[in-house]
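Trainee: Okay, here's the structure, questions in a sec.
This is the structure:
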């Protein structure tokens with residue numbers, strides 16, 4: 001998954017990464033590649049600046065090993081994703097929902113409350129199923 005010339009020339013599906021999904025990637029880095037298998041369309045991942053700000057705050061609470069792993073995965077994501085300043089109120093979930101609505105994007109999250117809200121609004125999402133250790137796609141793309 002990345003931002004390629006192909007995605008500029010033709011519309012690609014955007015996948016917005018939530019904070020807890022990125023933290024999950026620091027534990028299971030292979031999941032970033034699995035996104036390509038789960039999403040049924042050509043896609044590009046999107047990092048909202050409010051998510052990056054929240055990650056910076058969260059990383060201060062993590063142990064040294066997890067903080068280093070998070071730093072590595074963020075380095076990979078910055079090279080493979082588009083960083084977008086979506087503005088908004090600073091409330092991360094609201095910014096993600098607003099962006100997903102406006103851009104008809106998929107949201108990658110493991111936040112149960114956010115997933116419930118996304119389902120209610122008809123916004124598709126990708127989440128990690130712990131039992132199978134695989135990503136699952138939920139919802140429909142219009």
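Numbering (full-length UniProt numbering), first residue to last: 1 to 142.
Every residue, glycine too, gets a C-beta built ideally from N, C-alpha and C.
Just so you know, these numbers come straight off a predicted model, no measurement behind them.
Return the CA-CA distance between residue 28 and residue 84, expressed in angstroms with no decimal places.
Mentor: 24 Å
Trainee: Please name the residue, chosen from 37, 33, 13, that lies closest to residue 46 on a Cα-to-Cα basis.
Mentor: 13
Trainee: Below 8 Å between beta carbons: does that hold for residue 108 and residue 35?
Mentor: yes
Trainee: Consult DSSP for residue 125 and reduce its assignment to one of helix, strand or coil.
Mentor: strand
Trainee: Starting from the C-beta of residue 66, find all residues in its chain whose C-beta is less than 7 Å away, skip the five residues before and the five after it, and write them out in chain order.
Mentor: 26
Trainee: DSSP three-state call for residue 131: helix, strand or coil?
Mentor: coil
Trainee: Can you check DSSP and say which residues form a bridge with residue 13?
Mentor: 43
Trainee: Using 8 Å as the limit for Cβ to Cβ distance, is residue 80 near chain B?
Mentor: The chain labelled as chain B is not found in the depicted structure, where only one protein chain is given.
Trainee: Less than 8 Å between the beta carbons of residue 44 and residue 82, yes or no?
Mentor: yes
Trainee: By the 10 Å Cβ neighbour count, where 16 or more other Cβ atoms means buried, how is residue 18 classified, buried or exposed?
Mentor: Buried, by the Cβ-count rule.
Trainee: In whole angstroms, what is the alpha-carbon distance linking residue 53 and residue 86?
Mentor: Rounded to whole angstroms, residue 53 and residue 86 show a C-alpha spacing of 12 Å.
Trainee: Beta-carbon separation of residue 39 and residue 137 under 8 Å?
Mentor: yes
Trainee: Between residue 20 and residue 98, is the Cβ-Cβ spacing less than 8 Å?
Mentor: no
Trainee: Do residue 48 and residue 95 have their beta-carbon atoms positioned less than 8 Å apart in this structure?
Mentor: With a cutoff of 8 Å on beta-carbon distance, residue 95 and residue 48 are scored as near each other.
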